[in-house]
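Q:
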């Protein structure tokens, strides 16, 4: 892997906001044509990372190259190489969908003769061709998102950044957008960097995933391999006496790891089917009431829990704190 | 070429947004009406004691109200930056591969066009009410005033955009805006003469630091013709306004292109 072959290469990339280290010595390399998922809770530093790679923020130290160009010294070339779908909406809602796309095409210097065919094509791709001449303010959240994705593609970027592409959308719309992203990938040979705090999203779309927490990469591999690192099954137990149960079953043969979660315990175990009855028995003997119990194959949420020791915060509606709040203040 | 198209597209956006905003267009008719008809008429009897050369008070304040409209709308346009930032659109512009100078210029030209449309409305109102107000307006006067209006607007929009890029929220922009608007307005001599006998020395000096003083003086020289005794020669007004504009474009671009 030489430097030139990678779409993105960072070395000790760091961003500090006064006392807070938002991104801490990040080293990632993304190959051309790959979909790279950056997975982490709100405030993990994903968007700060993206903002630096998009030349919106200057790194405090370290360097990064995007499409072979330095993000500080060659920012115009970087900007020419990338497309971005921001986490927060970034469209002009007093213009129509088509006007937004034309504006983008002009800002990115798309030749005038090519503008119309390209715009018609992306509008069709995201199924907005019939609504293209309506003002954006009449669009639903999912339609706006689709238009933003379409917009990111008009200038044929080498690299497309998708920052939380489905945040705040209903399940059906998310499913739709995932399909669009997958179709895009087949239609254009574009490298994609996807940030998300949804496990299922990262799992479904990414070739490789880096799990990010407190500004650092805690693990990085393919989704399958990451799940394999959790050799064994996961038993989730819902109980109010998690601590007591935890001390009772610690050391039981086959129990590899015990994590305390909100409403009980998550156990990583070997031979889950055989172990499950034993655990329930132990609990019953000691007068611990178990509300429910489930056994399943590990998913990325478990991987996250395994590496960070805590659950991923699930919803985008979380109050912003830490670097998310700071980032918003600074670059919004 | 790409830069030119970028500037054009940003200009077009501002103008489209403005023309689609009916409330703003209606208010641009009502505002000058209030100033000229109510304020001007109401004060004209009081103003008889003020030295206005051979001008009636109506004739005196008409160019002032044109200047005031340009000032208030230009400064208000700064809101478009904050608006864009609040609604995230600014990021789309900031990551585009065109220079920050072009971004600033495109926005400035767009906002200036909007402000000029507002200024033109004042002329239209003035022409409609000409006999009621006792002022003389014709197309030639308007066409001669237009270049001065353009020049005044550039610098003032620059101030609005610069202030807006320093400010975080819409609320604080409102406060800061009046801190800038009102002194610039009152010190420009738009509605009260600030030269000649009886005006305190410090007030006369302060008015010389107000760029709008030169704008209003130039407009008066053109609109009121021989009846008005100019404070400065027309070329001098224009030189000062141009110098102010260049300074504002440089400062505005620098403020705009800050990257954290």
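Chains as they are written, first to last, in the working numbering: chain A, 5 to 336; chain B, 25 to 284. Glycine included, every Cβ here is placed at the ideal spot set by N, Cα and C.
Chain B beta carbons: is any one of them nearer than 7 Å to that of residue 23(A)?
A: No, its Cβ sits nowhere closer than 7 Å to a Cβ of chain B.
Q: Using the DSSP secondary-structure output, state which residues sit across from residue 196(A) in a beta bridge.
A: Residue 196(A) pairs with 39(A), 164(A).
Q: Of all the CB atoms in chain B, is at least one closer than 7 Å to the CB of residue 145(A)?
A: By this cut-off, residue 145(A) is not an interface position.
Q: Quick check on the DSSP output: what are the complete beta strand (DSSP E) runs of length 3 or more inside the stretch 149–223 of chain B, in order along the chain?
A: Listed in chain order, nothing qualifies, since the stretch 149–223 of chain B has no complete beta strand (DSSP E) run of 3 or more residues.
Q: Three or more C-beta pairs closer than 8 Å, one from the stretch 139–156 of chain A and one from the stretch 169–186 of chain A: is that the case here?
A: With a cut-off of 8 Å, the stretch 169–186 of chain A and the stretch 139–156 of chain A count as touching, because enough Cβ pairs lie within range.
Q: Could you check the C-alpha separation between residue 15(A) and residue 166(A) for me, to the nearest Å?
A: Rounded to the nearest angstrom, the two C-alpha atoms are 21 Å apart.
Q: Please confirm whether residue 321(A) has its beta-carbon closer than 7 Å to some beta-carbon of chain B.
A: Residue confidence for residue 321(A) is low, a pLDDT of 38 falling below 50, so the modelled location carries little weight; the figure read from the coordinates is stated next. Not closer than 7 Å to any Cβ of chain B, the Cβ of residue 321(A) fails to qualify, so no.
Q: Which value, in whole angstroms, describes the spacing of the CA atoms of residue 3(A) and residue 41(A)?
A: Outside the shown range of chain A, which is 5 to 336, sits residue 3(A), and nothing can be said about it.
Q: Please say whether residue 94(B) and residue 157(B) have beta carbons closer to each other than 7 Å?
A: For residue 157(B) and residue 94(B), no; Cβs fall outside 7 Å.
Q: Take residue 87(B) as the anchor and find which of 203(B), 190(B), 237(B), 125(B) has the nearest alpha-carbon.
A: Selected option, being the one with the closest Cα: 237(B).
Q: Counting only the same chain and skipping the five closest in sequence on each side, list residues whose C-beta sits under 6 Å from that of residue 42(B).
A: Same-chain partners within the cutoff: 138.
Q: Considering just the uninterrupted stretch of the alpha helix (DSSP H) at residue 74(B), what are its terminal residues?
A: Looking at the DSSP string, residue 74(B) is not in any alpha helix (DSSP H), and its letter there is neither H nor E.
Q: Decide if residue 96(B) is buried, meaning its Cβ has at least 16 other Cβ atoms within 10 Å, or exposed.
A: Buried is the call here.
Q: Can you check whether the C-beta of residue 134(B) is within less than 7 Å of a C-beta belonging to chain A?
A: So no, residue 134(B) is outside the interface.
Q: Applying a beta-carbon distance threshold of less than 8 Å, which residues of chain B neighbour residue 93(A)?
A: Per Cβ cutoff of 8 Å: 111, 112.
Q: Ignore the nearest five residues each way along the sequence and tell me which others in residue 91(B)'s own chain have a CB closer than 8 Å to its CB.
A: Hits under 8 Å: 176, 212, 214, 236, 239, 240, 243.
Q: Should residue 206(B) go down as buried or exposed, given a rule of 16 or more other Cβ atoms within 10 Å for buried?
A: So residue 206(B) ends up on the exposed side.
Q: Can you tell me which of 122(B), 249(B), 210(B) puts its alpha carbon nearest to the alpha carbon of residue 234(B)?
A: That would be 210(B), whose Cα lies nearest to the Cα of residue 234(B).
Q: At what residue ranges does the stretch 85–162 of chain A contain a whole run of the alpha helix (DSSP H), taking only runs of 4 or more?
A: Segments of the alpha helix (DSSP H) lying fully in the stretch 85–162 of chain A: 101–111, 116–129, 145–157.
Q: Assuming contact is defined by CB atoms lying nearer than 7 Å, are residue 271(A) and residue 236(A) in contact in what I supplied?
A: Contact flag unset, no.
Q: Counting C-beta neighbours from all protein chains within 10 Å, is the total for residue 183(B) 16 or more, i.e. buried, or is it exposed?
A: So residue 183(B) ends up on the buried side.
Q: Tell me the DSSP secondary structure of residue 21(A) in three-state form.
A: Three-state DSSP puts residue 21(A) in a strand.
Q: If you follow the alpha helix (DSSP H) that residue 274(A) is part of, which residue opens it and which one closes it?
A: Unbroken run through residue 274(A): none, as it is neither H nor E.
Q: Which residues does DSSP list as the beta-bridge partners of residue 268(A)?
A: Per DSSP, 242(A), 265(A).
Q: Would you say residue 119(B) faces chain A, with C-beta separation under 7 Å as the test?
A: Yes, because at least one Cβ of chain A sits closer than 7 Å to the Cβ of residue 119(B).
Q: Where does residue 234(B) fall in DSSP's three states?
A: Reduced to three states, the DSSP call for residue 234(B) is coil.
Q: Could one say the Cβ of residue 277(B) lies closer than 7 Å to chain A's Cβ atoms, at least one of them?
A: Chain A, which has no Cβ nearer than 7 Å to the Cβ of residue 277(B), makes this no.
Q: What residues are listed by DSSP as bridge partners for residue 213(A)?
A: The partner list for residue 213(A) (beta bridge, DSSP) reads 41(A), 225(A).
Q: Does the count of Cβ pairs from the stretch 125–135 of chain B and the stretch 30–42 of chain B closer than 8 Å reach three?
A: Flag = yes, the stretch 125–135 of chain B and the stretch 30–42 of chain B touch.
Q: Quick one: list the residues of chain B neighbouring residue 203(A), beta-carbon separation under 8 Å, in chain order.
A: Correct list: empty, because the minimum Cβ distance to chain B is about 26 Å.
Q: DSSP state of residue 276(B), grouped into three classes?
A: Of the three classes helix, strand and coil, the one that applies to residue 276(B) here is helix, per DSSP.
Q: Name, please, each residue of chain B whose Cβ falls closer than 7 Å to the Cβ of residue 107(A).
A: Residues of chain B passing the Cβ test: 33, 37.
Q: How about the stretch 20–27 of chain A and the stretch 199–210 of chain A: do they share at least three Cβ pairs that are nearer than 8 Å?
A: At 8 Å Cβ cutoff, the stretches do not touch.
Q: Starting from residue 90(A), find everything on chain B with Cβ-Cβ shorter than 8 Å and list it in chain order.
A: Ordered by position in chain B, the residues that pass the 8 Å Cβ test against residue 90(A) are 112, 115, 116.
Q: Fully enclosed by the stretch 41–113 of chain B, which beta strand (DSSP E) runs are 3 residues long or longer?
A: Entirely contained in the stretch 41–113 of chain B, not one beta strand (DSSP E) run reaches 3 residues.
Q: Spatial neighbours of residue 123(A) within its chain, please: CB distance less than 6 Å, with the 5 preceding and 5 following residues excluded, ordered by chain position.
A: Here the set comprises 105.
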